[in-house]
Amino acid sequence: MGMASGPVFPSAAALWGKWIPASERSTVPPTSQSGSDMGIVFTTPLISIMTQNGFLGGWPSGFYVFGIISCIWFICWCFFGFNSPNEHPRILNKERLFLNKHIPPRPPKHQATPWKKIACCPSVYAIAIMHICYNFIYYTLLTSLPTYFSTILKFDLQQNGFIFALPYFVQSLTTIIVGRIIDRLRARKICSITTLRKIQTIIGAIGTCGFLMAIGYMGCNQFRAVLCCILAVGFLGFQTCGALISQLDVASNYAGTLVGITNSLATIPGFVGPYVVGAITKDNQTVKAWRLIFNISAGIGAFGSLVYCIFFNGEEQSWNRIEHENDTIE
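FYI, the working numbering numbers position 101 of the sequence shown as 97, with every residue one higher than the one before it.
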């Protein structure tokens, strides 16, 4: 499953670079990415219900149902997905002209990827570090919140499924709403894209890190702890429509390559985070232990945001510019 799903994000980013004009970069790609969060919103409570009711054998039902849905999606994608506007047979010529006008020219197929320039770009490192730190919070909460809800807050299986979905629903809404606001501010040229991305990052970091630390001091109070969880994850939406799509700002022609690099590195927290949680809470399911976990996550998130704000520059890099016109539209 990991090998099959790994190419999804860089492949999507490569398509965004060919289909999404700069004026919509904070809206369309994050809206697409928010689908993964909405997947959590719908699948978690649904799996809880199917497991409790013994549908298709209980817990195996999740694999059957969502495996079938994925196959249906893939068939639809084969019919409706196309590499670029020039290759799409059904869009209007007016749409094709608009996209080719507002999207940077693509490099020739024979042109080599500028690996040396990518390796020497501070913004790439800033995005990578931010992505790693963001994913530490994201994966740690994704894999550990159900345990926290059941052992500390004492929710049963069905309650756990529904409550666990709430933070990710709020994150999806935040991603879509904030992304649209950022695109409008960008269109009005109130400030540079670099400044906008850094403002997003600062707001997201203050909200996420602040509420993460607050969770540890809510004790066993269900309402307050869940509210802090919802707000902590919700503020991650500022990063989803900001720092995490910065590859498009820096080099839209190589967005797939850049996302492939940063996302590969950012999967490391996917197994480091749960290991840290397991090491801290082994035979020690206490409020104090979980407070330490939330504080560690907040510290890592704050570090990533600081590095990003210092070193990121959102202006298009010179090595992304191609000195030729788009392919002629017949």
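Glycine included, each C-beta is placed from N, C-alpha and C at the ideal position. Keep in mind the model is a prediction, meaning the values are calculated, not measured.
When Thr191, Gly269, Ala251 and Ile289 are compared against tryptophan 111, the one with the closest alpha-carbon: Ala251
Taking Cβ positions, are phenylalanine 308 and lysine 194 nearer each other than 8 Å? yes
Indicate whether the contact test is met: 3 or more Cβ pairs, each with one atom in the segment 31 to 41 and one in the segment 143 to 160, closer than 8 Å. yes
Which runs of the alpha helix (DSSP H), 4 residues or longer, sit entirely within the segment 255 to 306? 265 to 277
May I have the straight-line CA-CA distance separating aspartate 33 from tryptophan 315, to the nearest angstrom? 33 Å
Considering only residues of the same chain and omitting the five flanking positions on each side of glutamine 313, which have a CB-CB separation below 7 Å? Cys117, Val246 and Ala247
Residue range of the alpha helix (DSSP H) that isoleucine 91 falls in? Just to set this straight, residue 91 is glutamate in the shown sequence, not isoleucine. Looking at the DSSP string, the run of the alpha helix (DSSP H) that includes glutamate 91 is 89 to 98.
Glycine 310 lies in the alpha helix (DSSP H); which residues open and close that run? Premise fails: glycine 310 is in no alpha helix (DSSP H) and is neither H nor E.
Run through DSSP, which three-state label would phenylalanine 151 get? coil
Whole-angstrom distance between phenylalanine 207 and tyrosine 213, CA atom to CA atom: 10 Å
Cutoff 7 Å; reference leucine 192; Cβ partners in own chain excluding five residues on either side: Ile178, Leu181 and Arg182
Looking only at its chain, what residues have a beta carbon closer than 6 Å to the beta carbon of proline 142, apart from the 5 residues adjacent to it on each side? Asn156 and Phe160
Option in Val268, Met(-3) and Pro100 with minimal Cα separation from serine 19: Pro100
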